[in-house]
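Participant: Residue numbers (the numbering used here), protein chains in the order written: chain A, 41 to 451; chain B, 41 to 451. Have a look at this one before I ask anything.
Number of protein chains: 2
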Amino acid sequence: MSLQTKLEKYAKIAVKMGANVQPGQLLVISAQVRDYEFVRLCVKEAYAAGAGYVQVDWSDEMNSLQTYMNVDTETLCDIPQWMYDQRKWAQDNGCCFLHIGSGTPGLMKEVDPAKMQAIQIASGKKFMPLQNYTMANEGQWSIVALPSAGWAKKVFPDKEEEEAMECLMDAILTAVRVQEDNDPVAEWKQHTSNLRKYCSWLNEQNFRELHFTNGLGTDLHVGLVKDHIWCGGNEDTVKGIEFNPNMPTEEVFCMPEKTGVYGKVVASLPLSYAGKLIEGFSLTFENGKVVSYHADKEEESLKNLVEFDEGSSYLGEVALISYDSPISNMGILFYNTLFDENASCHLALGRAYPMNVKGGTEMSREQLAQAGANDSMTHVDFMFGTRDMHIEGIKQDGTTVTVFDNGNFVI
Amino acid sequence: MSLQTKLEKYAKIAVKMGANVQPGQLLVISAQVRDYEFVRLCVKEAYAAGAGYVQVDWSDEMNSLQTYMNVDTETLCDIPQWMYDQRKWAQDNGCCFLHIGSGTPGLMKEVDPAKMQAIQIASGKKFMPLQNYTMANEGQWSIVALPSAGWAKKVFPDKEEEEAMECLMDAILTAVRVQEDNDPVAEWKQHTSNLRKYCSWLNEQNFRELHFTNGLGTDLHVGLVKDHIWCGGNEDTVKGIEFNPNMPTEEVFCMPEKTGVYGKVVASLPLSYAGKLIEGFSLTFENGKVVSYHADKEEESLKNLVEFDEGSSYLGEVALISYDSPISNMGILFYNTLFDENASCHLALGRAYPMNVKGGTEMSREQLAQAGANDSMTHVDFMFGTRDMHIEGIKQDGTTVTVFDNGNFVI
Chain A
41 MSLQTKLEKY AKIAVKMGAN VQPGQLLVIS AQVRDYEFVR LCVKEAYAAG
91 AGYVQVDWSD EMNSLQTYMN VDTETLCDIP QWMYDQRKWA QDNGCCFLHI
141 GSGTPGLMKE VDPAKMQAIQ IASGKKFMPL QNYTMANEGQ WSIVALPSAG
191 WAKKVFPDKE EEEAMECLMD AILTAVRVQE DNDPVAEWKQ HTSNLRKYCS
241 WLNEQNFREL HFTNGLGTDL HVGLVKDHIW CGGNEDTVKG IEFNPNMPTE
291 EVFCMPEKTG VYGKVVASLP LSYAGKLIEG FSLTFENGKV VSYHADKEEE
341 SLKNLVEFDE GSSYLGEVAL ISYDSPISNM GILFYNTLFD ENASCHLALG
391 RAYPMNVKGG TEMSREQLAQ AGANDSMTHV DFMFGTRDMH IEGIKQDGTT
441 VTVFDNGNFV I
Chain B
41 MSLQTKLEKY AKIAVKMGAN VQPGQLLVIS AQVRDYEFVR LCVKEAYAAG
91 AGYVQVDWSD EMNSLQTYMN VDTETLCDIP QWMYDQRKWA QDNGCCFLHI
141 GSGTPGLMKE VDPAKMQAIQ IASGKKFMPL QNYTMANEGQ WSIVALPSAG
191 WAKKVFPDKE EEEAMECLMD AILTAVRVQE DNDPVAEWKQ HTSNLRKYCS
241 WLNEQNFREL HFTNGLGTDL HVGLVKDHIW CGGNEDTVKG IEFNPNMPTE
291 EVFCMPEKTG VYGKVVASLP LSYAGKLIEG FSLTFENGKV VSYHADKEEE
341 SLKNLVEFDE GSSYLGEVAL ISYDSPISNM GILFYNTLFD ENASCHLALG
391 RAYPMNVKGG TEMSREQLAQ AGANDSMTHV DFMFGTRDMH IEGIKQDGTT
441 VTVFDNGNFV I
């Protein structure tokens, strides 16, 4: 099967299984300009699926880099109102979102971290009122990925650029279950049904807390909110439309009790954040809050993440993935959260997903806070799963059940 | 010299001679996504020139085609307010514009002409209040071109796509005076100074009317407004910043008296309009207004152009170009107005340029109308110059002076 045919299949599942655009609905695709050929396939699939309108929100990270290097912080932080209005218009029209990511890890490494931080905060504040649309599943949204030269060379540094691109494309297609002669739609249905089984089991257990330990030095207690809900695989919007927020996805995830986290977590993979690559880092929590941290590389970026706002020093997500998962079995470090988070248990600093607590998508921000949910302008995943991860679940009555042993689900 | 080096030179003159972005100024580049590598060169040149910020307004004509084919007219005509606000924001910030065109002639040929017309009118109405910024040179603006596969195959139908692209690229670079080992900036200064000499001579003559005749059947009288000004080559903004609106440019142009045009004009080249290619057409004028028209191909599009609004059936521009000009000497039909208009005398239906009458850039729309200027939401050039074009200038006292003979300036 030619690459073109595979890409057509990929575009189809991105539009139909991912964003699942409905007849008459507005689809907003955000993508890098270099990926225009794949975007055209997605636009075609979207209209074939009956989309009412497809709007593409283009960007070019190479121009962004030039802009960050040449323009002063004040100008960069003064986000024009029409950018907000553009997104608001889409949401007011009941849109769904498809994001096609192909960013180069560490591209912004030469940019002053304080400048990056200021831009992130300005953007976070400006778009805060629009964050709920995706966080609370008011409309469908999906994130998929394509290789770029810079990313491929980071993943396969010993290969020539062209070969590296091909290898990364293969790895991505494997991860999203697009193969020769398979029916990826059927595969995805089977797969998400499996993930939902894990969720059911975890929801039945109704753990009060999870205790993570491994040889890397992680010894972390993560309390879970009362009436929590484990989610995974496809999700439903508040109007009941199924979609897959991430392609690939291998995780089941839940809501930590904001103040119920303590101990130390050691990251098992680098984190690509705001154009920087943070490596060899750990965080220590008390009463839910990060009280100390360290990174071998880009510690200032880690500091910026933790100190982004009040909520970015608390957890908003805990996610479980068997070490023996399809993505992790490829043995590739992707330097990209969409893939690495699905190869490894992970946590997120920042805002919790309302859907992870009973009735959450109908709660106000205040009600969510009362339920124990963390709030923030940001939400950043980082990976800490290992081959020897052990997880003990502590039930409401204090009894314990082993959830993970040697990196994998026990059930 | 490698193509890359030539493209860097081209980007430099587009940014510095074309838009002439000033230190601290906002530059808005509009471009097709497939041209992202050239855009990056322009962004780099702009920041090197001290641009305060570069914003890129991306589009993809292939997605536009899919959208026009699949979305109903009502939705397409409902232009979101944020699009208007985006352009207004740029103008309020004193921006300059650089448009990089590479459109495929006739791409929209399958789209219902009535639909195209409705979209053009809706867009014209929506953006009408913002039209003056470029029409009256409130800020600098420039239009340049790059080859695209579809355009190149139209110009060189017998060549393979890759070779056609190379030939068109060469032709464009020749037309914009980017050559091996030349200094295109110096070339442009010399060239625009030559064009200004023609303007000076024409302004001294102060003709009441021009009379065009040739063997193709053109016999047209074009009255010129009182206190008209011939312009050509580079121009100045109202703040006195030099720029080149078109690259290439070979024309000197003036303002017809709205009601002072009569006779028949036969087009000498096809016209690419709203995605359609209008061929073999002629227009007959009485008291300035088109009273009849004909086209061998796409006559409905010609009808849509003439009937776009009240002003689109009157002339807004008359431009003189020697038949023996660098672009016309290449002997290439470009199917693109930016090039073909610079190979041939042309006229424009629609709005006149305020700068073509004394004090015009400070006049209100009403004052311009009183001065004899045509007004419209549109401005579309079409070519009628030929190898045998004869132009007789009629002075205010009725005496005549030959301006063109056998297709060329006599002076």
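The C-beta atom is built at its ideal place from N, Cα and C for all residues, glycine as well. If you're wondering where the values come from, they're calculated on a predicted model, not measured in any experiment.
1. Starting from Gln28/A, find everything on chain B with Cβ-Cβ shorter than 8 angstroms and list it in chain order.
2. Count the C-beta pairs between the stretch 268 to 286 of chain A and the stretch 170 to 181 of chain A that are closer than 8 angstroms, then say yes if the count reaches three, no if not.
3. Hey, could you find the ends of the beta strand (DSSP E) Gly190/B is sitting in?
4. Would you list, in chain order, the members of the stretch 123 to 147 of chain B that have their beta-carbon closer than 7 angstroms to a beta-carbon of chain A?
5. For a contact defined as C-beta to C-beta under 7 angstroms, what are the partners of Tyr76/B on chain A?
6. When we look at the beta-carbon of Gly273/B and count the other beta-carbons within 10 Å, is it buried (16 or more) or exposed?
7. I want to verify the contact list: residues of chain B whose CB lies under 7 angstroms from the CB of Pro120/A, in sequence order.
8. Step through the CB atoms of chain A and report whether any lies within less than 9 angstroms of the CB of Met57/B.
9. Could you confirm whether any beta carbon from chain A is found closer than 9 angstroms to the beta carbon of Val111/B?
10. Using a Cβ cut-off of 8 angstroms, pull out every chain A residue sitting near Asn103/B, in sequence order please.
11. Report yes or no: do the stretch 387 to 398 of chain A and the stretch 259 to 271 of chain A share at least 3 C-beta pairs separated by less than 8 angstroms?
12. Can you check the stretch 300 to 369 of chain A for any alpha helix (DSSP H) of at least 4 residues that lies completely inside it and give the ranges in chain order?
13. From the beta carbon of Thr401/B, is the nearest beta carbon of chain E less than 9 angstroms away?
14. Mapping the DSSP letters down to three states, classify Asp132/B as helix, strand or coil.
15. Are there three or more Cβ pairs, one per stretch, closer than 8 angstroms when the stretch 291 to 310 of chain B is compared with the stretch 354 to 374 of chain B?
16. Under 8 angstroms between beta-carbons, which chain B residues line up against Thr115/A? List them in chain order, please.
17. What does DSSP give as the partner residue(s) for Trp181/B in the beta ladder?
18. For the alpha helix (DSSP H) containing Thr232/B, name the first residue and the last one.
19. Assign Phe422/A to one of three DSSP states: helix, strand, or coil.
20. Quick check: the stretch 433 to 450 of chain B against the stretch 314 to 331 of chain B, are there 3 or more CB pairs under 8 angstroms?
21. Which whole-angstrom value describes the C-beta separation of Phe374/B and Val195/B, a residue pair presumed to lie in contact below a C-beta threshold of 8 angstroms?
22. Have a look at the DSSP bridge pairing and note the partners of Asp97/A.
23. Buried or exposed: which applies to Thr115/A, given that a residue is buried once 16 or more other Cβ atoms fall within 10 Å of its Cβ?
24. Leu66/A and Asn133/A look like a contact to me (Cβ under 8 angstroms); what is the Cβ gap, rounded to whole Å?
25. Buried or exposed for Val35/B, going by 16 or more other Cβ atoms inside 10 Å?
26. Just verifying my parser: in three-state terms, what is the DSSP assignment at Val265/B?
27. Rank Ala335/B, Leu317/B and Asp223/B by C-alpha distance to the C-alpha of Thr324/B and give the top, closest one.
28. Rounded to a whole number of angstroms, what is the C-alpha to C-alpha distance between Tyr393/A and Met175/A?
29. Which one of Glu227/B, Val225/B and Ala185/B has the shortest CA to CA distance from Asp210/B?
30. Whose C-beta lies closer than 7 angstroms to the C-beta of Val61/A among residues of the same chain, with five residues either side of it excluded?
31. If you drop the 5 nearest sequence neighbours on each side, which residues of the same chain put their C-beta closer than 7 angstroms to that of Ile372/B?
32. For Met109/B, count the other beta carbons within 10 Å of its own beta carbon; 16 or more makes it buried, fewer makes it exposed. Which is it?
33. Taking C-beta to C-beta, are Gly315/B and His261/B nearer than 9 angstroms?
34. What residue from Val96/A, Met429/A, Asn222/A and Met123/A has the CA that sits closest to Gly257/A's CA?
35. Around the Cβ of Asp72/A, are there at least 16 other Cβ atoms within 10 angstroms (buried) or fewer (exposed)?
36. Could you check which residue in Asn382/B, Ile119/B and Glu249/B has the C-alpha nearest to that of Lys435/B?
Facilitator: Reading off the structure:
1. Outside the displayed range of chain A (41 to 451) lies residue 28/A, so it cannot be described from this structure.
2. yes
3. To locate residue 190/B, count along the second sequence from 1; it is residue 150. Here Gly190/B belongs to no beta strand (DSSP E); instead the alpha helix (DSSP H) covers Ala189 to Val195.
4. Contacts with chain A (Cβ-Cβ distance below 7 angstroms) from the stretch 123 to 147 of chain B involve Asp125, Gln126 and Trp129, listed in chain order.
5. As a first step, residue 76/B is located in the second sequence; it is residue number 36 there, counting from the start. The contact set of Tyr76/B on chain A, defined by CB atoms closer than 7 angstroms, consists of Val73, Arg74 and Asp100 in chain order.
6. In the second sequence, residue 273/B corresponds to position 233, counting from 1. Buried, because 16 or more other Cβ atoms sit within 10 Å of the Cβ of Gly273/B.
7. By 1-based counting over the first sequence, the position of residue 120/A is 80. Neighbours of Pro120/A on chain B, chain order: Trp129.
8. For the purposes of this step, residue 57/B is taken as the residue at position 17 of the second sequence. Chain A contact via Cβ: absent.
9. Counting from 1 along the second sequence, the entry for residue 111/B is found at position 71. Judged by the 9 angstroms Cβ criterion, Val111/B is in contact with chain A.
10. As a position in the second sequence, residue 103/B is number 63, starting the count at 1. Close partners of Asn103/B in chain A (Cβ separation under 8 angstroms): Val79, Arg80, Val83, Val94 and Val96.
11. yes
12. 339 to 346 and 366 to 369
13. The chain inventory of the structure shown lacks chain E, comprising the protein chains A and B.
14. Counting from one through the second sequence, the residue named residue 132/B turns up at place 92. Helix at Asp132/B.
15. yes
16. Taking the first residue of the first sequence as 1, we reach residue 115/A at position 75. Gly92 and Tyr93, listed in chain order.
17. Position 141 of the second sequence, counting from 1, holds the residue named residue 181/B. In DSSP, Trp181/B forms a bridge with Phe137/B.
18. The residue you call residue 232/B lines up with position 192 of the second sequence. First-last of the alpha helix (DSSP H) with Thr232/B: Pro224 to Gln245.
19. In the first sequence, counting from the first residue as 1, residue 422/A sits at position 382. In this structure, Phe422/A counts as strand in the three-state DSSP scheme.
20. no
21. Within the second sequence, residue 374/B is the residue found at index 334, counting from 1. Within the second sequence, residue 195/B is the residue found at index 155, counting from 1. Their Cβ separation, rounded to whole angstroms, is 6 angstroms, which keeps Phe374/B and Val195/B in contact under 8 angstroms.
22. Taking the first residue of the first sequence as 1, we reach residue 97/A at position 57. DSSP lists Ser70/A as partners of Asp97/A.
23. Translated into positions along the first sequence, residue 115/A becomes position 75. Exposed.
24. Mapped onto the first sequence, residue 66/A falls at position 26. Mapped onto the first sequence, residue 133/A falls at position 93. Sure, about 5 angstroms apart at Cβ, within 8 angstroms.
25. Outside the displayed range of chain B (41 to 451) lies residue 35/B, so it cannot be described from this structure.
26. Walking along the second sequence from the start, residue 265/B turns up at place 225. In the three-state DSSP reduction, Val265/B falls in the coil class, being neither helix nor strand.
27. Within the second sequence, the letter at position 284 stands for residue 324/B. Of Ala335/B, Leu317/B and Asp223/B, the residue nearest in Cα terms is Ala335/B.
28. Your numbering for residue 393/A matches position 353 in the first sequence. Your numbering for residue 175/A matches position 135 in the first sequence. Roughly 6 angstroms between the two C-alpha positions.
29. Numbered from its first residue, the second sequence carries residue 210/B at position 170. Closest by alpha carbon: Ala185/B.
30. Position 21 of the first sequence, counted from the first residue, corresponds to residue 61/A. Correct list, in chain order: Val55, Leu67, Ala86, Ala89, Ala91 and Cys136.
31. Here residue 372/B refers to the residue found at position 332 when the second sequence is read from its first residue. Result list for Ile372/B: Val195 and Ala211, in chain order.
32. By 1-based counting over the second sequence, the position of residue 109/B is 69. By the 10 Å Cβ count, Met109/B comes out exposed.
33. The sequence position of residue 315/B within the second sequence is 275, counting from 1. The sequence position of residue 261/B within the second sequence is 221, counting from 1. No.
34. Reading the first sequence from its first residue, position 217 is the one you call residue 257/A. Closest option to Gly257/A, Cα to Cα, is Met429/A.
35. For the purposes of this step, residue 72/A is identified with residue 32 of the first sequence, where counting begins at 1. Per the sequence presented here, residue 72/A reads as Gln, with Asp not at that position. The residue in question, Gln72/A, is buried, as its Cβ has 16 or more Cβ neighbours within 10 Å.
36. Mapped onto the second sequence, residue 435/B falls at position 395. The option with the nearest alpha carbon to Lys435/B is Glu249/B.
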